[in-house]
Amino acid sequence: MAETAVDFEAEVSATKSEQVAVIPGLGDLPVSNNQVLKGKNQSGDENSHTLPCEDSDDPMRAGDKPDACLPPPAKKRRRSTKRKSDSLGASEAKNPLMQLNEIRPGLTYDITVKDGQTHCPVFFVSVNVDGNTFEGQGSSKQKAKHNAAENVLKSFITQIRSPAHQLVTGTRDVTTDFTSDNTGSLLNIFGNGDQPMEDEVVSENPGEFGVPPKGVTKTPKVQTEAGKHPVSLLNEFHPGLSYEFLGEEGEQNAKQFKFKVTINGQDFLGHGSSKKKGKANVASKALFALYNIRTFYAFGQSEARLQPVYLEPPPSAQLEQVAADLIADAVLAKFQSLQPTAGEPIRRKVLASIVMTSRGESEQKFEVISMGTGTKFISGEYISDQGLAVNDCHGEIIARRSFVRFLYSQLELCAEGYEDESIFEKKKSGFFGVRENVEFHLYINTSPCGDARVFSPHEPIMGESDKHPGRKKRGLLRVKLENGEGTIPAMKADTTIQTWDGVLQGERLRTMSCSDKVCRWNVLGVQGALLSHFLEPIYLQSVVLGSLYHYEHMSRAMYHRLGDLEGLPPLFKQNRPLMNGTSTPEPRMTVKSPNISVNWSEGDQGFEIVNATKGVIGDGQAVSRLCKQSLFKRFIVLWKKLRPGITGPLSYHGAKAAAGPYQAAKMIVMKGFESQGLGTWIRKPVEQDMFELSDEDL
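All letters in the sequence shown, in the order written, are residues 1 to 698 by UniProt numbering.
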């Protein structure tokens, strides 16, 4: 070590007398102060080579005024003697020995033999894991142990369903690898933690998405924890898989290519902004569902937002990722199947759906029950006092109203004596209720407008949380404005009471945001006031978002902001649905929102297209099957079958008001918002509910 230091100082000292001469055509050459470069001058004589002075047009010899023409001595940089491992500090990736100790603590390493020369020994180490013996060797005992640990970890990779593999592929930190500067040639199958692969995007565990390496300036390729493209890795498990192209959808500048792959009778659906990305997406979903191997690729986002996710939610509030993806896939596939076979495809910006799951003897079935699209609501000049117009054509609201039609059809089966074919059964309460094995899930391709979305403008970043959860704007009731998108706090509205003549004379119509309405569903149920005459409250089991899923904001908007409600009538409760986002968020659509809204319910042949600003079909050629009058007709017919001999309500308003427990629970919810300082619920003019039906209407 002393000799090395002396040699280094001597080397630095020797360079102090060196200069750098700039010779055209030769570049920079080191020249001593007393040295003259030998060469041939223009006359061909071998002589001292002339050097041009940078500060003068006339050449001069190097030895005449060296200090004036030559740059200062070049200082040689001292090589850093700091060890790389020291600079990494606490963030250095764990080596194989540490990793294996976490997976299998308490292992005993036996030194079997020492070989080699005295100055270059070779140690052999063995370790027994799960009845198998693994050996390792190295120039020290520690390196031999590292090598043995490597071999153990390599064997785990082939054991897809082993707990160790679950840990390696599902719960380790993304920068963790089995490489180390101190252990020679180590396992590289998971990538290098010090030099992350530029296109590796992995997840930390099934509840979290991955973080791309810093400094990435281009869209990363899709890769799994093993550093392989998901299509390649899936092909290793299932050689010869066929990817079925299902078509494309979306605007010209936002195309989505859809694919399906079937493995052991199970279908997996995926989509992407290109065919290659679509295949990668469907392969990723299959890998996670079948082998718990997670890969993530947030296509369609800006380069600054390549990695979503979020604050880790409580496990009890989180819907399983596989289930969330299956729900989303079922909705997207159904929407695609209902597209017209000829002409322009139906455009949409917000898509919502209610999916029913029923658990059979062997597996759980996912069935899309209702669907709706739209981002607009009726203009004040078109509101109807006969219940002939649909007021709110936002996707979530249309999906629920379509779902109500499905509930009517199931109750009609019971009324006609086919209860065995219905999802309902008679309960001890005297009302009909959903069978135990049936659950309902709400899917929205983006966060609902209002409190859930206003603080979620982009996909969340790893470790990001709400820095100001106590601000007064959090949780406020918000209203949608006529002829516009977006919401404002309800307390900023001109008045909480909207009048019929005021709206007709030009006052802007206001309706509550979708976040607020879904929050109310979580207390009152999704069946509505009319059906509560016959049904127990029906609650959502989960809410799945296709993009912009922030657990903090979503849980606050859905139920937390109401606090604990007291005095709810029997059968009513504060429902807290499970939540999750899809593993592949939908890209942000920058296209203009269409003025139409489509709806569909189980049993319908196809979509019904509604003019969203008029609330009717086309320019008024027909009324929608979702309007108040259409649903009230079905209510009256059902009443006569289930309540024979009892006179039913005469008006739509009277029928809603007669649902006593429902109205009591509704009042508690309204007061709950007010007591929390969140604002007052704004109601539409009461005149629109005062209509009655004659026998001719039925």
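Backbone N, C-alpha and C define an ideal beta-carbon position, used for all residues, glycine too. Note that the structure is predicted; figures quoted are calculated from it, not measured.
From what residue to what residue does the beta strand (DSSP E) around residue i run?
i: N281; result: From DSSP, N281 is part of no beta strand (DSSP E) but of the alpha helix (DSSP H) over K275 to Y291.
i: W600; result: I596 to S601
i: F431; result: Neither: F431 is in no beta strand (DSSP E) and is coded neither H nor E.
i: E396; result: Element bounds for E396: not the beta strand (DSSP E) but the alpha helix (DSSP H), G395 to A415.
i: D267; result: Q266 to G272
i: G679; result: Note, G679: premise wrong, no beta strand (DSSP E); not H, not E.
Going by CA-CA distance only, name the one from the options that's closest to residue i.
i: L481; options: Q321, V598 and P489; result: P489
i: L535; options: M579, Q256, G430 and I682; result: G430
i: K141; options: K114, L545 and N151; result: K114
i: K592; options: F635, E485 and S337; result: E485
i: I111; options: V127, C120 and R104; result: V127
i: residue 710; options: T647, K614 and P121; result: Residue 710 lies beyond the range of the chain shown here (1 to 698); nothing can be said about it.
i: A289; options: G563, L269, P121 and E687; result: L269
i: G360; options: N437, I383, R478 and D325; result: N437
i: L548; options: M690, R453 and S370; result: R453
i: L578; options: L319, K334 and V523; result: L319
i: G136; options: R576, D130 and V152; result: V152
i: T375; options: D689, A664, T446 and F123; result: T446
i: M558; options: N522, K94 and D325; result: N522
i: G672; options: E507, G475, Y443 and A659; result: G475
i: residue 699; options: I369, V322, Q99 and F259; result: With the chain represented from 1 up to 698, any question about residue 699 goes unanswered, as that position is not in the structure.
i: P230; options: P345, D501, G278 and V610; result: G278
i: E248; options: K228, H238, K275 and L545; result: K275
i: H119; options: I103, S542, N101 and S139; result: S139
i: I617; options: I596, K573, L642 and P239; result: I596
i: G395; options: I609, V122 and L100; result: I609
Going by DSSP, what residues sit across from residue i in a beta bridge?
i: S353; result: M371 and Y443
i: C120; result: Q117
i: N611; result: I596 and V616
i: R510; result: L481
i: S126; result: D110 and E135
i: G581; result: L545
i: A622; result: I617
i: R359; result: Q364
i: S379; result: S379 pairs with nothing; no bridge assigned.
Go through its chain and collect everything with a Cβ distance to residue i's Cβ below 6 angstroms, but skip five positions before and after it.
i: T511; result: F377, D392 and K480
i: S422; result: Q410, L413 and C414
i: K656; result: A529
i: G581; result: L545 and Y549
Quick check on residue i: buried or exposed, where buried means 16 or more other Cβ atoms within 10 Å of its Cβ?
i: S675; result: exposed
i: L678; result: buried
i: V526; result: buried
i: L540; result: buried
i: V389; result: Just to set this straight, residue 389 is Ala in the shown sequence, not Val. Buried: at least 16 other Cβ atoms inside 10 Å.
i: H441; result: buried
i: S694; result: exposed
i: V434; result: buried
i: Q266; result: exposed
i: P685; result: buried
i: P96; result: buried
i: T487; result: buried
i: Y418; result: exposed
i: F259; result: buried
i: P345; result: exposed
i: E244; result: exposed
Taking residue i as part of the alpha helix (DSSP H), name the residues at either end of that continuous run.
i: D501; result: W500 to L504
i: M690; result: No alpha helix (DSSP H) holds M690; DSSP gives it neither H nor E.
i: C514; result: C514 to L524
i: S630; result: K628 to L642
i: M670; result: G660 to S675
i: G528; result: G528 to L531
i: V231; result: P230 to F237
i: V454; result: D451 to V454
Whose C-beta lies closer than 8 angstroms to the C-beta of residue i among residues of the same chain, with five residues either side of it excluded?
i: F241; result: One point to set straight first is that residue 241 is Leu, not Phe, in the sequence displayed. Excluding sequence neighbours, L241 sits near L234, N235, V261 and I263.
i: D57; result: Low local confidence applies: a pLDDT of 43 at D57 is under 50, so the model's placement there is unreliable, with the coordinate-based value given in what follows. Excluding sequence neighbours, D57 sits near nothing in its chain.
i: E602; result: E367, V368, I369, S370, F406 and S409
Say whether chain D places a C-beta atom closer than 9 angstroms to the C-beta of residue i.
i: A490; result: Checking the listed chains, one finds no chain D in this structure; it contains a single protein chain.
So, for residue i: in the same chain, excluding its five sequence neighbours on each side, which residues have a beta-carbon less than 7 angstroms away from its beta-carbon?
i: K628; result: G387 and Y652
i: R634; result: Y408
i: K666; result: L524
i: A664; result: P569
i: P105; result: none
i: I668; result: L565, G567 and L568
i: V518; result: E396, P448 and M558
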